[in-house]
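First up is the structure itself, then whatever we jot down about it.
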Amino acid sequence: MKNNLFLRSSQSFYYLLPLLFLFTFAGCETEEMVAPNTSDLTSESLTAKKATSEKLKTFYGPAQHVGNGVARAFVEINRDGTPETIGVRISEKGLEKLPGADPAGHGPTYTLRIPNQTAGLPFDHIDLNYNPQGHPAPGIYTFEHFDFHFYMISVAQKMQLTDRTTALRLPAESLWPDGYYPDPEFVPMMGLHWADPTGTEFTNPGSFTKTFIYGSYDAEFIFYEPMITVAHLESKVSSTNPFPPLKEFGEAAYYPTSYSIDFDAQRKEYVISLGDMVWRD
């Protein structure tokens, strides 16, 4: 995209925020269906969990070894066949003995295949990026954390994202998610990252625990990305966090409007998911 697009926006200074993300790419069982956990601490929440579980089926993709545990993608499907959530489960031990950074400061990427039962979702695979030293911007995202890239393109297509000029072809400004602006720095084989510059990690540097990022390439949005620190996961604090939806969609499908962070005490798993699905033509 030509530089004048950056200049004509009243928010143009946001494009200069140092949001450069530097990652590396890396990559064990069959898919299965497992009934969701129905335990909780109170009878009221137990009743709600049971009511929900009666309506849902959970399907898993193959597991990948992470730390001392495993991670795998999952999809929850309602009885009527519509998707409830898509996400990643990481065993509690998966945060133990994670690998250190390579000489360039990068951690590994685990590519998780989603189950075949995608129920009209637009997603192809999920990349779990571990950043032992964080990544730029300094003082904002330089904390140990995971990036959860939910890609709407194939792995092969992702590996072809190598041209900066093409990456800087932005969607029409009227289609940008409300409050989100692109970082002009392009990350090869990943895309262009979009952030909300009013997020607490920017207004209160050093406060980063969780945030939500969009990604684009060649004038199309291609991924959704919750970013969560290891410390926040280990705190086991649950939350559901809405984000501004996209305004144009590459295919008719169910698209998420929030991300959630949970800890499943019975299965001893961290659960990061996209939910509150809305059908878009």
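In full-length UniProt numbering, the protein residues as written are 1 to 281.
The beta carbon of each residue, even a glycine, is placed where N, CA and C say it ideally should be.
Remember, it's a predicted structure, so these values are computed and weren't measured experimentally.
V155 carries a helical assignment under DSSP once its states are collapsed to helix, strand and coil.
Rounded to the nearest whole angstrom, the CA to CA distance from L168 to S235 is 38 Å. Across the structure, F123 and I153 are spaced so that their CA atoms are roughly 7 Å apart. Note on geometry: alpha-carbon atoms of A63 and I86 lie some 15 Å from one another. With three or more CB-CB distances shorter than 8 Å, the stretch 55-74 counts as touching the stretch 114-130. In summary, A73 is buried, with 16 or more beta-carbon neighbours lying within 10 Å of its beta-carbon over all protein chains present. The Cβ neighbour count for E225, taken over all protein chains shown within 10 Å, is at least 16; the residue is labelled buried.
Taken atom to atom, the span from the alpha-carbon of L175 to that of T142 is near 30 Å.
Here DSSP, grouped into helix, strand and coil, assigns L175 to helix. With a threshold of 16 other beta carbon atoms within 10 Å, N129 meets it and is buried. Relative to the Cα of A252, the nearest Cα in the group P205, I140, G120, E185 belongs to G120.
One thing to note: L274 has its Cβ no nearer than 9 Å to the Cβ of Y217.
Here the stretch 81-101 makes contact with the stretch 130-139; the two share three or more CB pairs at distances below 8 Å.
Membership of A219 in any beta strand (DSSP E) is not indicated, and neither H nor E is assigned to it by DSSP.
Of the other Cβ atoms in all chains shown, fewer than 16 fall within 10 Å of the Cβ of P205; this residue is therefore exposed. H149 counts as buried, since no fewer than 16 other beta carbons sit within 10 angstroms of its beta carbon.
Residue state for T200 is assigned as helix, using DSSP reduced to three classes.
By the Cβ criterion, the stretch 228-244 is in contact with the stretch 257-265, since at least three pairs of Cβ atoms, one from each stretch, lie closer than 8 Å. By alpha-carbon distance to K55, the top candidate from R89, R280, I77 is I77. The DSSP-derived three-state label of V70 is strand.
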